[in-house]
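To start, the structure itself, in structure tokens.
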Amino acid sequence: MKQHFPALVLAITLIATPLLAVQPDEVLSDPALEARARTLSKDLRCLVCRNENIDDSNADLARDIRLLVRERLVAGDSDAAAMAYIVDRYGEYVLLNPTSKGANLILWIAGPAMLLLGGGVAVAYIRKRRGAGDPAASELSEDEEKRLAEILKQ
Amino acid sequence: MIVELGHFALILALAVALIQTIMPLIGAHKRWTGWMAVGGAAAGVQLLLLCFSFAALTYAFVISDFSVALVVNNSHTLKPMLYKVSGVWGNHEGSLLLWSLILAVFGASVAFFGTNLPPTLRARVLAVQGSIGLAFLAFMLFTSNPFLRMAVPPFNGHDLNPLLQDPGLAFHPPFLYLGYVGMSVAFSFAVAALIEGRVDAAWGRWVRPWTLAAWICLTIGIALGSWWAYYELGWGGFWFWDPVENASFMPWLIGAALLHSAIVVEKREALKAWTILLAILAFGFSLIGTFIVRSGVITSVHAFANDPERGVFILLILAIFMGGALMLFAARAGAMEAKGLFAPVSRESALVANNLLLAVACFVVFVGTIWPLVAELLWDRKLSVGEPFFNAAFTPFMVVIALLMPLGAILSWKRAVLGRPMRALIPAAALAVALGLLAYAMQTGRSALGPIGLALGAWVVFGAGVDLWLRAGRGPIGQRFGRILRLPRADWGKSTAHTGLGVTVFAVAAMHAWQVEDIRTMNVGDSFDLHGYNITLADVTKETGPNYFSTMATMTVAKGDKVVATVYPEKRVYPVAGMPTTEAGIDYGFTRDVYLVIGDPQDDGSWAVRSYYKPFANWIWGGALLMAIGGMISLADRRYRVAAGARARNIKAVPAE
């Protein structure tokens with residue numbers, strides 16, 4: 442095994458993907474445009490990665506999308522237009538921040554709806570707690586009554 | 268031979284789990300003392316058997332026994348000893364064995380510490396605990412046997428995933444599992460109480476320490492994982508809203524809710540049915556977490572072992588335990604009539620609000636995590652739900668929780684007036700707002716996120732201080748300080764944990780708002796300025812580690828002319844696993860980290876360098892650590908030790924409270 446190490450290392454260094462995400466040569470010279478590109482990148486997924494945005498990813502595809510975003514911005518696209526262009530090419534899957542179109546509305550309103558529902562139940566519960574119930578009604582089983590009597594005797 | 272014995276012990280453990288499930292349950296039903304007592308003995312035997320089995324597998328890893336398939340796939344002779352041992356649980360089969368072992372540890376602990384429980388409840392708790400063990404042991408033996416032998420043993424192994432060869436990650440899974448599996452005790456207590464048909468203050472008191480212990484471990488486990496991601500993945504992110512992270516976060520949120528609602532059961536005998544439901548859900552989310560990680564149904568960074576067949580088995584376990592428990596809950600919850608009455612403005616109501624917010628926050632995480640799956644199944648839409656969604660949909664809940672916490676924590680039980688606590692909090696609020704404004708004035712042209720996070724975090728931290736101060740009662744200041752020191756540990760634990768949350772809230776906001784990033788190419792000898800620090804690339808060398816090759820840079824961090832740190836960011840290649848990893852060079856500081864990453868050589872001989880100034884990075888995990896320490900202090904409270912003392916004197920009666 443050991444004598445194969447140098448060859449192995451060479452092979453691996455050649456196939457290994459670059460370890461930096463955003464490369465120095467990609468950065469736009471106009472800081473305002475670059476800032477916009479960065480903001481857009483945060484919402485774009487590297488399609489071949491697992492849950493990484495294109496800025497954090499080392500994959501070649503992520504680099505392609507990064508370059509594409511910058512290309513569109515340099516060409517004068519607005520943020521929305523650049524995003525639409527990317528989604529058009531790569532599909533909805535590329536968006537890390539899902540749209541609220543169609544069934545996705547459920548995703549977005551699930552939290553607030555649940556809060557309202559739960560809040561309603563909680564308020565009803567609290568109101569009931571204010572009046573109802575009989576605090577004197579302590580139910581001990583026969584065994585427990587006996588044990589209580591024993592303890593009190595000691 | 269030892270491996271076969273380990274395998275045999277595992278099969279025996281399955282048989283014992285079967286006995287532990289059936290006999291105490293029947294015994295409790297028929298009131299047969301002998302059969303009920305089997306539960307405790309079986310739990311002890313179960314622990315011994317699984318300890319042996321785990322030790323056998325560890326032995327196979329330590330001596331690199333390459334006739335065992337699992338060792339071949341996850342180890343290598345050149346690997347450092349720490350990672351040979353951590354390799355035992357760095358894979359699907361071994362982690363399941365660890366899961367079962369921890370389950371047995373908790374089962375035996377209930378048997379050992381629970382001698383003061385009513386015998387029927389104890390028997391039923393142990394039986395439920397046994398049934399969980401039964402399910403997982405069957406899962407392991409039928410689909411994921413760790414002891415399978417190779418027909419032809421190879422000369423060396425395939426090595427452990429290099430990303431996992433890290434001290435932080437060596438201890439991350441055991442803590443996480445302690446948390447996941449610890450929730451099973453609360454589950455067992457809940458199911459046993461449903462079978463018994465009664466929940467009282469004593470039940471709340473028994474359940475709380477177990478939940479607390481599990482929650483502490485989960486907190487530490489999550490913090491370790493997040494810390495690992497920060498320094499290992501190479502861009503200093505600490506939380507990605509990855510399905511697997513969410514899988515550990517959901518039981519944490521529900522566990523936190525359960526901790527608080529169990530207090531209401533214990534002190535006020537209200538919220539009983541809800542607490543039972545939370546106990547069931549907390550373990551349910553632990554199982555869902557296991558399902559998500561182990562089935563690979565939702566693709567994610569962590570899905571090292573995915574196999575649909577195993578996924579179906581876990582889904583089956585999930586369906587049986589959750590379905591069964593929830594059906595039992597539906598049938599019996601009506602009988603859990605609450606006794607305590609309270610006014611709309613009271614600690615009880617505040618804790619209801621806490622529970623509502625935590626539970627809905629968990630629901631949001633859950634929906635976001637499974638949504639890609641749902642959308643694909645129902646509408647054939649392939650979409651992603653990532654960090655931006657969670658930041659938008661989850662953060663508001665945390666903000667509201669942080670806003671309400673200081674007030675809710677000091678309201679009196681039963682019936683509270685708002686005036687006095689609100690007046691007491693005025694200094695805390697004023698100080699928090701002042702700090703926020705100061706930060707806003709000092710930063711120029713940046714988002715308001717930083718100042719708001721600072722104000723919110725400070726509000727929570729100062730609020731925790733006010734809480735302690737009020738607990739000391741009235742009187743001369745000297746006396747009050749004396750009383751603060753003598754307060755029950757539960758009070759100290761609460762304030763410490765709340766402080767921890769405040770610290771984490773602030774640190775997360777600070778990291779998002781004030782981080783500075785720089786990307787450039789550098790020649791050896793070049794310097795540049797990063798937020799007031801002078802960074803120099805002094806040297807780049809090739810190094811050889813025990814099982815990897817490394818390109819190691821030497822970089823200095825200087826403030827003015829004074830060098831404050833020299834760090835060595837690395838690019839490593841693990842030839843056996845064929846994987847490159849980055850090791851960031853981090854100068855840790857109290858108020859900031861300087862985070863340096865070396866990249867690829869450029870054509871002109873320079874190096875790509877990515878650097879970050881990360882403000883208050885350590886505070887994120889410091890806050891989590893404070894939360895865990897708060898939990899530990901609370902766990903050491905006198906009221907749990909009193910019960911322990913009663914056990915030691917072997918008083919037969921149930922403790923009066």
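Residue numbers (our numbering), protein chains in the order written: chain A, 442 to 595; chain B, 268 to 924. Ideal placement from N, C-alpha and C gives every residue a C-beta, glycine not left out.
Straight-line Cα distance separating residue j from residue i
i: B/Thr387; j: B/Phe580; result: 31 Å
i: B/Val627; j: B/Val700; result: 28 Å
i: B/Trp495; j: B/Gly488; result: 11 Å
i: B/Ala706; j: B/Gly760; result: 30 Å
i: A/Lys483; j: B/Leu645; result: 28 Å
i: A/Leu596; j: A/Arg511; result: Residue 596 of chain A is absent from the structure shown; chain A starts at 442 and stops at 595.
i: B/Trp470; j: B/Ala540; result: 12 Å
i: A/Ala457; j: B/Ile802; result: Any answer about A/Ala457 is weak, because its pLDDT of 39 lies below 50 and its placement is not dependable; what the coordinates show is given next. Taking the straight line from one Cα to the other gives about 27 Å.
i: A/Asp584; j: A/Asn545; result: 57 Å
i: B/Trp366; j: B/Gly501; result: 30 Å
i: B/Ser567; j: B/Phe609; result: Unreliable placement is indicated for B/Ser567, whose pLDDT of 45 sits below 50; the coordinate value is still reported in the next sentence. So the two alpha carbons sit approximately 46 Å from each other.
i: B/Gln287; j: B/Ile584; result: 18 Å
i: B/Gly311; j: B/Met348; result: 30 Å
i: B/Ala322; j: B/Phe438; result: 17 Å
i: B/Phe816; j: B/Val791; result: 20 Å
i: B/Gly578; j: A/Cys487; result: 26 Å
Short Cβ contact (8 Å threshold) for residue i with residue j
i: B/Pro663; j: A/Asn538; result: no
i: B/Trp680; j: B/Lys534; result: yes
i: B/Leu364; j: B/Ser331; result: no
i: B/Ala284; j: B/Leu404; result: yes
i: B/Val772; j: B/Leu723; result: yes
i: B/Ala549; j: B/Pro518; result: yes
i: B/Arg475; j: B/Leu544; result: no
i: B/Val352; j: B/Val329; result: yes
i: B/Val270; j: B/Met290; result: no
i: B/Leu316; j: B/Ala280; result: yes
i: B/Asn428; j: B/Ser528; result: no
Spatial neighbours of residue i in its chain, beta-carbon cut-off 6 Å, leaving aside the 5 residues before and after
i: B/Val831; result: Val824
i: B/Leu797; result: Asp785, Ser878 and Tyr880
i: B/Thr766; result: Val728, Ala731 and Leu893
i: B/Tyr862; result: Gly503, Ala851, Ile853, Tyr879 and Lys881
Closer than 8 Å at the beta carbon, the chain B residues around residue i
i: A/Tyr534; result: Lys649, Leu650 and Ser651
i: A/Ala551; result: Phe630, Val631 and Val634
i: A/Ala523; result: Those do not exist, as A/Ala523 stays about 16 Å from chain B at its closest Cβ, beyond 8 Å.
DSSP-derived helix/strand/coil call for residue i
i: B/Met894; result: helix
i: B/Asn428; result: coil
i: B/Ala540; result: helix
i: B/Asn790; result: coil
i: B/Ser901; result: helix
i: B/Pro413; result: coil
i: B/Phe795; result: strand
i: B/Met672; result: helix
i: B/Ala570; result: Interpretation of B/Ala570 is limited by its pLDDT of 45, a score under 50 that renders its predicted location unreliable; the figure taken from the coordinates is listed afterwards. Correct three-state label for B/Ala570: coil.
i: B/Ile865; result: strand
7 Å Cβ cut-off: residues of chain A touching residue i
i: B/Ser616; result: Ile567
i: B/Val623; result: First, the amino acid is wrong: residue 623 of chain B is Leu here, not Val. In chain order: Gly559, Gly560 and Ala563.
i: B/Asp332; result: What B/Asp332 touches in chain A: nothing, since even the nearest Cβ is about 18 Å away.
i: B/Trp638; result: Leu548
Partners in chain B for residue i, counting only beta-carbon separations shorter than 9 Å
i: A/Met555; result: Ala626, Val627, Phe630, Val631 and Val634
i: A/Asp497; result: Leu500, Gly501, Trp502, Gly504 and Phe507
i: A/Ala544; result: Val641, Ala642, Leu645, Trp646 and Arg648
Cutoff 7 Å; reference residue i; Cβ partners in own chain excluding five residues on either side
i: B/Pro421; result: Phe333 and Val339
i: B/Ile900; result: Arg756, Trp759, Gly760 and Thr763
i: B/Leu685; result: Val612
i: B/Tyr444; result: Leu365, Trp366 and Ile369
i: A/Leu514; result: Leu474, Arg477, Ala478 and Ala523
Cut-off 8 Å between Cβ atoms - residues of its own chain near residue i, not counting five sequence neighbours on either side
i: B/Asp758; result: Asp734, Leu735 and Arg738
Residue i Cβ short of 7 Å to the ligand FAD heavy atom set
i: B/Arg465; result: As for the ligand FAD, it is missing from this structure, which has no ligand bound.
Residues that residue i contacts on chain B, provided the C-beta gap is smaller than 7 Å
i: A/Val463; result: Ile786
i: A/Val468; result: Ile786
Chain-ordered chain A contacts of residue i [CB-CB under 8 Å]
i: B/Pro655; result: Lys483, Asp484, Leu537 and Asn538
i: B/Pro611; result: Ile567, Arg568 and Arg571
i: B/Val619; result: Ala563, Tyr566 and Ile567
i: B/Leu593; result: By Cβ distance, chain A contributes nothing, its closest Cβ being about 17 Å from B/Leu593, past 8 Å.
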